[in-house]
Amino acid sequence: MSYSGDALVTESSRSGENSLPGTPGSAKKVNPRTQMDSTPLSTATKSVARLQSLLAGRQSGPSELLLQILQGCKIDPTEKIATIIESLGDKFRTEFTRQSSSVPMITPDYANQRLQLAITLFYKFVENIFQKEKTLHSDISHLAVQEIFYECTLACSLEIIIYSYNCQRKFPWILNALNVEPFYFVRVIELIVRSQDQLPRDAVKHLNMVEQKIIESLIWKSGSPIWRILSNSGENFPKFEDIALPGNMVHSEEQPAPGQILRRSLNNQLQSPGPSAVERFQSPISDVKKQLFKPSQTPTKTSHAVMVDKDGTKQLIVLEKPIDSTSTTPVKAEGSSPSSGRPKKSGSLSIIIRKFYNLAYSRMKQLCNKLDITDLKFTQKIWTVFEYSIRDHTHLIKDRHLDQLLMCAVYVVCKVTSTREQKFAEIMQHYRGQPQASSHIYRNVLIDRSSTQEVTDEGINSDIEKRGDLISFYNTVYVLAIKSFALQFKEQDPNIALSPLPLINNNFASPRCQITDNLYITSYDTPTNGGSKTNSLEYHFSRSPSKDLEKINNAINKHIVGKRLLGYDEDTYTPNNKVQRKMQSLVEQRRSQVTE
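Numbered continuously in my numbering, the sequence shown closes out at residue 601.
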């Protein structure tokens with residue numbers, strides 16, 4: 006087989022413990038060779054080169070294809086987009102060139118260059134997102150007229166440029182400069198990442214950090230639109246099971262029994278591309294709500310079991326057991342409400358809250374592992390208390406941080422149970438090992454806020470904030486709200502209903518690892534654009550013979566890789582050998598995972 010197209014190496018999905026998502030601490034695991042070879046300057050150089058390659062041949066304006074898409078909408082938004090760009094562009098130039106004690110003077114020409122790059126990137130993002138939306142919805146006019154969509158996409162494009170060029174403007178500076186609310190901004194991040202495979206890896210990791218920063222604290226500021234939306238909805242803050250995707254909850258470790266429906270979860274479970282842009286920018290609380298199941302269907306309870314094959318391979322199995330309508334209703338925990346048959350919320354709010362819960366569980370699981378808390382029931386108690394604090398005492402998260410409530414939940418459950426006792430200092434010590442941890446999170450916690458009646462020089466009332474450390478917050482605020490609910494876990498009562506745990510599956514959005522312009526690794530379940538090409542070479546880990554991999558290596562070694570790679574590092578080896586070394590390292594890593 007001749008090599009003249011893309012070389013595709015796919016990784017077959019594997020069920021079992023190794024397929025489960027990593028914890029927040031996994032971000033600190035880096036390849037030693039990559040760490041030695043990378044410097045801030047070389048990383049920035051590579052990111053800029055990738056961006057320039059991504060934007061090669063494009064102008065800071067809409068392409069012919071994008072113009073056709075926009076003109077096909079009920080209302081052509083082309084002029085509106087230009088107006089938004091001009092308005093936000095003026096704000097950006099004014100704030101970006103503003104001199105301060107911590108930022109050196111920036112010339113207007115430099116600011117305008119960064120802006121033009123961001124506008125070019127903006128139009129590319131809009132084009133890619135609209136193209137994808139048209140495959141999902143016949144009419145995208147509702148999205149095309151959303152000004153906030155264009156404002157957030159341009160703000161995200163500027164953030165990518167600022168980060169890639171290592172400008173001394175740290176997030177969330179761009180949101181403050183353009184007056185964009187984090188609650189709206191977070192909606193476009195995943196859309197942009199999904200729409201563009203060629204986005205530099207460092208930029209993708211940065212956007213992931215940005216999304217987490219918004220979800221953990223920025224959207225919970227007093228002035229955030231989320232408080233108005235929650236108030237207008239007329240409903241309580243939803244529980245996780247109210248907005249969870251089907252099959253994404255763990256109730257218990259039940260073993261398979263007759264009558265239960267078995268299906269593979271990690272390989273074939275809901276391979277959905279995620280919510281579309283239209284869903285993300287529709288009404289936060291939609292009047293049309295999705296039912297949990299059709300009237301003709303029997304409701305099922307989802308749980309999970311770990312099965313061990315003869316060869317020792319572990320597989321996670323989803324168990325769907327029909328619920329007997331005549332069975333006795335279990336005792337519900339205080340503050341909870343029956344959810345069977347309850348319609349689910351749709352819209353942007355449920356998407357954000359689902360991300361919030363998933364992020365919280367990921368961090369809680371990491372913290373529990375460090376504290377050697379491995380019992381599932383005990384973990385569920387912590388999760389139940391955390392969910393209760395958010396749902397029934399939502400004010401606890403206002404102007405505070407997700408991690409603060411997590412650490413308090415861990416401590417209060419350990420405190421009321423007789424099985425173990427954990428000091429608060431130990432919890433904070435292990436928390437510091439998480440990559441997002443910062444001392445101000447547990448040393449500078451809002452205790453109380455009161456408005457004074459005095460008028461300041463600006464003519465407005467001023468707020469007086471009382472702040473302290475996390476232990477002070479726990480003793481004076483948190484425990485007063487949670488004590489009565491948490492005390493029920495003091496007794497080992499098996500009838501107390503515990504909240505189901507989130508099941509986070511990385512296979513839903515397995516990233517594509519781009520090695521060169523025409524060589525990449527992707528999940529086996531990830532469909533390639535347009536299917537496999539006849540002139541492409543493919544190697545499937547654990548499936549393909551070794552000769553298929555040899556063909557790809559030979560193609561690289563024989564310089565049949567289109568354009569030469571740019572050697573950004575001052576290394577003595579050739580770019581060809583550099584690709585070969587990277588490829589060999591990835592192959593060895595995947596093979597070691599398969600054999601585990």
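Yeah, the Cβ is synthetic: ideal placement off N, Cα and C, and Gly gets one too.
> When you compare each of Q427, A282, R396 and Y170 to G352 by their alpha carbons, which one comes out closest?
Replying inline: Looking up residue 352 in the sequence shown gives position 347. Residue A282 is the option with its Cα nearest to G352.
> Which value, in whole angstroms, describes the spacing of the CA atoms of F286 and I357?
Replying inline: If you number the sequence shown from 1, residue 286 lands on position 281. If you number the sequence shown from 1, residue 357 lands on position 352. Each residue's Cα considered, the two are about 12 Å apart.
> Taking the C-alpha atoms as reference points, what is the distance between A149 and S200?
Replying inline: If you number the sequence shown from 1, residue 149 lands on position 144. If you number the sequence shown from 1, residue 200 lands on position 195. If you take the alpha carbons of A149 and S200, they lie about 16 Å apart.
>> Going by beta-carbon coordinates alone, are I219 and V191 separated by less than 7 Å?
In response: Locating residue 219 in the sequence shown gives position 214, where the first residue counts as 1. Locating residue 191 in the sequence shown gives position 186, where the first residue counts as 1. Yes, these two residues count as a Cβ contact at 7 Å.
> How big is the Cα-Cα spacing for I487 and N181?
Replying inline: Walking along the sequence shown from the start, residue 487 turns up at place 482. Walking along the sequence shown from the start, residue 181 turns up at place 176. Whole-angstrom Cα-Cα distance: 35 Å.
> Count the other CB atoms within 10 Å of the CB of T158; is the residue buried (16 or more) or exposed (fewer)?
Replying inline: As a working mapping, residue 158 is identified with position 153 in the sequence shown. Its Cβ being crowded by 16 or more others within 10 Å, T158 is buried.
> Expressed to the nearest angstrom, what Euclidean distance is found between the alpha-carbon atoms of Y366 and E392?
Replying inline: For the purposes of this step, residue 366 is taken as residue 361 along the sequence shown, with counting starting at 1. For the purposes of this step, residue 392 is taken as residue 387 along the sequence shown, with counting starting at 1. Rounded to whole angstroms, Y366 to E392 spans 10 Å at the Cα level.
> In three-state DSSP terms, what is S106?
Replying inline: One-based indexing of the sequence shown puts residue 106 at position 101. Here S106 sits in coil by DSSP.
> Under 7 Å between the Cβ atoms of Y447 and L401?
Replying inline: The residue labelled residue 447 in the question sits at position 442 within the sequence shown. The residue labelled residue 401 in the question sits at position 396 within the sequence shown. No; because the gap between Cβ atoms is not below 7 Å, this pair is not in contact.
>> Quick test of your reading: Y479 and Y544, contact by CB under 8 Å. State the CB separation rounded to the nearest angstrom.
In response: Position 474 of the sequence shown, counted from the start, is the residue given in the question as residue 479. Position 539 of the sequence shown, counted from the start, is the residue given in the question as residue 544. No, Y479 and Y544 are not in contact; Cβ-Cβ is about 54 Å, not under 8 Å.
>> Could you compute how far the alpha carbon of P603 sits from the alpha carbon of L163?
In response: Beyond the ends of the chain as shown, which are 6 and 601, falls residue 603; an answer cannot be given.
> Can you list, in chain order, the stretches of the beta strand (DSSP E) that have 3 or more residues and sit fully within the region 59-120?
Replying inline: none
> With C-beta atoms as the reference, is A123 less than 7 Å away from I166?
Replying inline: Taking the first residue of the sequence shown as position 1, residue 123 is located at position 118. Taking the first residue of the sequence shown as position 1, residue 166 is located at position 161. Yes, the Cβ-Cβ distance between A123 and I166 is below 7 Å.
>> Helix, strand or coil for D247? Go by DSSP, reduced to three states.
In response: Start at 1 with the first residue of the sequence shown, and residue 247 comes out as number 242. Residue state, collapsed to three classes: helix.
> Would DSSP call Y616 helix, strand or coil?
Replying inline: This structure cannot settle anything about residue 616, because the visible part of the chain is limited to 6 through 601.
> Tell me which same chain residues have a C-beta within less than 6 Å of the C-beta of D408, skipping the five on either side of it?
Replying inline: Position 403 of the sequence shown, counting from 1, holds the residue named residue 408. Correct list, in chain order: I446.
> From this set, H435, F546, E246 and G438, which residue's C-alpha is nearest E593's C-alpha?
Replying inline: If you number the sequence shown from 1, residue 593 lands on position 588. Among H435, F546, E246 and G438, the Cα nearest to that of E593 belongs to F546.
> How about the region 378-386 and the region 414-429: do they share at least three Cβ pairs that are nearer than 8 Å?
Replying inline: yes
> DSSP beta-bridge partners for D453?
Replying inline: Mapped onto the sequence shown, residue 453 falls at position 448. K471.
>> Output needed for I179: all residues of its chain with C-beta closer than 7 Å, excluding positions within five of it in sequence on either side, in chain order.
In response: As a first step, residue 179 must be located in the sequence shown, where it is residue number 174. Once the five neighbours on either side are set aside, the close Cβ partners of I179 are A160, L163, E164 and I167.
> Helix, strand or coil for I446 per DSSP?
Replying inline: Indexing the sequence shown from 1 puts residue 446 at position 441. In this structure, I446 counts as helix in the three-state DSSP scheme.
>> If you follow the beta strand (DSSP E) that Y479 is in, where does it begin and where does it stop?
In response: Numbered from 1 along the sequence shown, position 474 holds the residue referred to as residue 479. Looking at the DSSP string, Y479 is not in any beta strand (DSSP E), and its letter there is neither H nor E.
> Per DSSP, M254 forms a beta bridge with which residues?
Replying inline: On the sequence shown, residue 254 is found 249 positions in, with the first residue counted as 1. Its beta-bridge partners are P507.
> Hey, out of N253, H147, I89 and Q151, whose CA is closest to K360's CA?
Replying inline: Residue numbering aside, residue 360 sits at position 355 when the sequence shown is read from its first letter. Of the listed residues, the one whose Cα sits closest to K360 is N253.
>> With distance defined between alpha-carbon atoms, name the residue in R119, H147 and E152 nearest to A87.
In response: Along the sequence shown, read from residue 1 onward, the residue named residue 87 stands at position 82. Of the candidates R119, H147 and E152, the one whose C-alpha sits nearest the C-alpha of A87 is E152.
> Is it buried or exposed for V566, if we count other Cβ within 10 angstroms and need 16 for buried?
Replying inline: Numbered from its first residue, the sequence shown carries residue 566 at position 561. Summary for V566: the model assigns pLDDT 45, below 50, so the residue's position carries little reliability; its value from the coordinates is reported in the next sentence. By the neighbour-count rule (16 or more Cβ atoms within 10 Å), V566 is buried.
> If you check the beta carbons only, do S489 and I469 fall under 7 Å apart?
Replying inline: On the sequence shown, residue 489 is found 484 positions in, with the first residue counted as 1. On the sequence shown, residue 469 is found 464 positions in, with the first residue counted as 1. Contact: no.
> Is the number of C-beta pairs between the region 117-133 and the region 55-71 that are closer than 8 Å three or more?
Replying inline: yes
>> What would DSSP say about P440, mapped onto helix, strand or coil?
In response: Against the sequence shown, residue 440 aligns to sequence position 435. Coil at P440, not helix or strand.
> How big is the Cα-Cα spacing for I234 and W225?
Replying inline: As a first step, residue 234 is located in the sequence shown; it is residue number 229 there, counting from the start. As a first step, residue 225 is located in the sequence shown; it is residue number 220 there, counting from the start. The alpha-carbon atoms of I234 and W225 are separated by roughly 12 Å.
>> Under DSSP, the alpha helix (DSSP H) around Q409 begins and ends at which residues?
In response: Position 404 of the sequence shown holds residue 409. Where Q409 is concerned, the enclosing alpha helix (DSSP H) stretches over L407 to V421.
> Would C78 count as contacting chain B if we go by Cβ distances under 7 Å?
Replying inline: The structure shown has no chain B; it contains just one protein chain.
> Shortest alpha-carbon distance to L2 belongs to which of Q118, S105 and F135?
Replying inline: In the structure as shown, the chain starts at 6 and stops at 601, and residue 2 therefore has no counterpart that could be examined.
> Helix or strand or just coil, what does DSSP make of S227?
Replying inline: The residue given as residue 227 occupies position 222 in the sequence shown. The answer is coil: DSSP assigns S227 none of H, G, I, E or B.
> Does the Cβ-Cβ distance between R396 and K244 come in under 7 Å?
Replying inline: Taking the sequence shown and counting its residues from 1, the one referred to as residue 396 is at position 391. Taking the sequence shown and counting its residues from 1, the one referred to as residue 244 is at position 239. Going by C-beta atoms, R396 is nearer than 7 Å to K244.
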